[in-house]
Amino acid sequence: MGSLLNPGHKPLPAGVTPAQEGDESYMLSRLADVVNWGRKYSLWPYPFGTACCGIEMMAVLGGRFDLSRYGAELVRFSPRQADMMIVAGTISIKMAPIIKKIYDQMAEPRWVVSMGACASSGGFYNNYCTLQGVDEVIPVDVYVPGCPPHPQALLHSVMALQDKIASGNTFERGRKQILIEGLADVPARPPMVMR
Amino acid sequence: MDFSGYDPKSPRFGADYLFLNPEKIERVRLQVRVPESSPVIPSLVRLYRSANWLEREAFDQFGIRFDGHPDLRRILNHVEFTGHPLRKDYPVDGRQPLSRADSLELDKGGF
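Top to bottom, those sequences are chains A and B.
In terms of our numbering, the first sequence opens at residue 128 and continues consecutively.
In terms of our numbering, the second sequence opens at residue 293 and continues consecutively.
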């Protein structure tokens, strides 16, 4: 029993008549919801792996912890073709203008996942050559702690990014900064001098 | 050939070369000490091509100059970096701002 549109293995809520073959059926939604649904389930990652977190990112893109289950299957190693940049690894100060240039080449909408301790805050490299967090030069959407983060943590971060995309304003240029309560009295770090 | 520089008390700079004969598996270690007033060591680039980048790293991190090196410039730190960070009197977290990327063109020597 059941048709193609309703195979019949789940009971329908009361008052809902099952659709029959030949009926026209449609869904109502908002354009923003549909566009966000399409964007979040078709993220094209740009793996910017520089250090050990790159190995864990390869594990996430592999078979056991499969990132393509979440729609992020097509890794594109060009910023022109990708929309989610995963910064996996330590960024040195020498690398900072290069990653800024690559981020600028990505078309909007674009998101950045800062994977690991080094990309988020410099990690344990508080020295003369390491950028103390990639957010000194590019805006970051999701930070993943860990050294390296477990692949499940990176999958969780992609899911959190999908939640952020779903709740975001689709047609707004730029990015809304979310201020966390209680950090208002922390002085801002001086940003890198970039031109 | 392997090379590392260091910064002991006196004389100020030392260089440690390790040569390997791959056929006989023999190793020779050579230690060179230079004072701070004139930290100059003759370059080994004509004998060992791999000494090119090794000596550039020693120059970048310690300031040891190599006599006869074809292209002695910074290799690890960025172009606007002043000072030599692995010296004992340089602060570990002495970051210096950078305002431009250096050129991504290949080196002229092709090395």
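Where is the CB? At the ideal position from N, CA and C, for every residue including glycine.
Hey, quick one: how far does the beta strand (DSSP E) through residue i stretch, first residue to last?
i, result
"Arg319(B)", "318-326"
"Asp394(B)", "No beta strand (DSSP E) contains Asp394(B), which DSSP labels as neither H nor E."
"Arg357(B)", "357-359"
"Ala215(A)", "211-215"
"Phe204(A)", "Premise fails: Phe204(A) is in no beta strand (DSSP E) and is neither H nor E."
"Tyr173(A)", "172-176"
Residue i CB to nearest chain C CB: under 9 Å?
i, result
"His361(B)", "Given the protein chain composition of this structure (A and B), no chain C is represented."
So who's on the other strand from residue i, going by DSSP bridges?
i, result
"Asp308(B)", "Ser296(B), Gln323(B)"
"Phe373(B)", "Per DSSP, none; premise fails for Phe373(B)."
"Ser219(A)", "Thr257(A)"
Hey, quick one: how far does the alpha helix (DSSP H) through residue i stretch, first residue to last?
i, result
"Asp160(A)", "158-167"
"Trp238(A)", "Not the alpha helix (DSSP H): Trp238(A) falls in the beta strand (DSSP E), residues 238-242."
"Tyr230(A)", "223-231"
"Ile292(A)", "278-293"
"Phe351(B)", "343-354"
Please tell me whether residue i has its Cβ less than 9 Å away from any Cβ of chain B.
i, result
"Met224(A)", "According to the sequence shown, residue 224(A) is Pro rather than Met. So, interface residue."
"Tyr255(A)", "yes"
"Ser247(A)", "no"
"Gln232(A)", "no"
"Ser205(A)", "no"
"Ile292(A)", "no"
"Ser169(A)", "no"
"Ile265(A)", "no"
"Ile218(A)", "no"
"Gln259(A)", "yes"
"Lys137(A)", "no"
"Pro314(A)", "Note that Pro314(A) scores a pLDDT of 44, beneath 50, so its modelled location is shaky and nothing firm can be said."
Within 9 Å of any Cβ in chain A, is that where the Cβ of residue i sits?
i, result
"Asn408(B)", "With chain B covering only 293 through 403, there is no way to say anything about residue 408(B)."
"Asn344(B)", "no"
"Asp385(B)", "yes"
"Arg341(B)", "no"
"Gly398(B)", "With the sequence shown as reference, residue 398(B) is identified as Leu, and Gly is not the correct amino acid for it. No, Leu398(B) lies away from the interface with chain A (no Cβ there is under 9 Å from its Cβ)."
"Gly297(B)", "no"
"Asp394(B)", "yes"
"Leu336(B)", "no"
"Tyr309(B)", "no"
"Pro327(B)", "no"
"Pro377(B)", "yes"
"Leu364(B)", "no"
"Gln323(B)", "no"
Per DSSP, what kind of secondary structure is residue i in: helix, strand or coil?
i, result
"Ile182(A)", "helix"
"Asn254(A)", "coil"
"Arg322(A)", "In this prediction, Arg322(A) scores a pLDDT of 37, lower than 50, which makes its location untrustworthy; no coordinate-derived value is stated."
"Val269(A)", "strand"
"Ser248(A)", "helix"
"Ser152(A)", "coil"
"Ser329(B)", "coil"
"Ser335(B)", "coil"
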